[in-house]
Amino acid sequence: DAMVIQNPRYQVTQFGKPVTLSCSQTLNHNVMYWYQQKSSQAPKLLFHYYDKDFNNEADTPDNFQSRRPNTSFCFLDIRSPGLGDAAMYLCATSRDFRNEQFFGPGTRLTVL
Amino acid sequence: EDQVTQSPEALRLQEGESSSLNCSYTVSGLRGLFWYRQDPGKGPEFLFTLYSAGEEKEKERLKATLTKKESFLHITAPKPEDSATYLCAVQPISSGSARQLTFGSGTQLTVLP
């Protein structure tokens, strides 16, 4: 089945220790998104790629970076995680900006 | 700025007790309104897209409707497995990468057996 896969599902890191989250898709979609979702809150868009074109949301902290080496994979790098970065990180894809987004299962990040 | 407000924040129903969830929105031209279901600890699962006032879509016990200011998700004779958080999101009529979704905070539905 075509899908969006995120690894790991759970990630524990220490304050200030860099961490990388991974997303892959078999849908062959052009757009890939990274969202941050905190408990009982709406998902918050961090950035997205249309193919290799990168767009950073204005309020996304500089601490967050992303890479998309090819169509199938996208990475979220948190350079120096703080306690406030503990959240669920969701990857989503869509064929185009006009189409519905399909989400992966998420990575739960804990910062100690 | 686009805004989405969902109500109620939480809803508890007995199995078989039908009800509706509300999604009120303000957007500078609506291109589409999306409903998602999110189970605890998982990513949102796509349910419906609505594009114009008067449109309705159904899937099993769920029916989504759209007006110019709000959308309703009607749940008919719910079962415990319908328990989840239901998220609503709007997409503006904008060009290219500006067509991003604005999500509401969701309605947490619990269906008791």
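Protein sequences, first through last, are from chains A and B. Numbering follows my numbering, with no gaps: position 84 of the first sequence is 84. Just so we're on the same page, my numbering is the position in the second sequence counted from 1, plus 1000. Even for Gly, the Cβ is constructed at its ideal location relative to N, Cα and C.
Burial state of residue i (16 or more Cβ within 10 Å)
{"i": "D85(A)", "result": "buried"}
{"i": "S24(A)", "result": "buried"}
{"i": "R67(A)", "result": "exposed"}
{"i": "E1090(B)", "result": "Residue identity differs from the one stated: residue 1090(B) is Val in this sequence, not Glu. Result: buried."}
{"i": "L112(A)", "result": "exposed"}
{"i": "A1010(B)", "result": "exposed"}
{"i": "M88(A)", "result": "buried"}
{"i": "T93(A)", "result": "buried"}
6 Å Cβ shell around residue i - same chain, five flanking residues per side excluded
{"i": "T1065(B)", "result": "E1056 and F1072"}
{"i": "G1032(B)", "result": "T1049, Y1051 and Q1091"}
{"i": "T1130(B)", "result": "Residue 1130(B) lies beyond the stretch modelled for chain B, which goes from 1001 to 1113, so this question has no answer here."}
{"i": "L973(B)", "result": "Lying outside 1001 to 1113, the shown extent of chain B, residue 973(B) is not represented and no answer is given."}
Residue i to residue j span [Cα, whole Å]
{"i": "L1087(B)", "j": "T1076(B)", "result": "18 Å"}
{"i": "F115(A)", "j": "L109(A)", "result": "Residue 115(A) lies beyond the range of chain A shown here (1 to 112); nothing can be said about it."}
{"i": "T1102(B)", "j": "Q1038(B)", "result": "16 Å"}
{"i": "K44(A)", "j": "Q101(A)", "result": "14 Å"}
{"i": "Q1006(B)", "j": "L90(A)", "result": "21 Å"}
{"i": "P1113(B)", "j": "S1019(B)", "result": "16 Å"}
{"i": "K1068(B)", "j": "L1030(B)", "result": "9 Å"}
{"i": "H29(A)", "j": "N99(A)", "result": "10 Å"}
8 Å CB neighbourhood of residue i in its chain, flanking five on each side removed
{"i": "F97(A)", "result": "V31 and Y50"}
{"i": "D1002(B)", "result": "Y1025, T1026, V1027, S1028, V1090, P1092 and T1102"}
Own chain, CB closer than 7 Å to residue i, minus 5 neighbours either side, in chain order
{"i": "Q1100(B)", "result": "none"}
{"i": "P1008(B)", "result": "T1107"}
{"i": "G106(A)", "result": "Q6, M88, Y89 and L90"}
Inter-stretch contact (C-beta, 8 Å, three-pair minimum) for the stretch 50 to 62 of chain A and the stretch 4 to 20 of chain A: no
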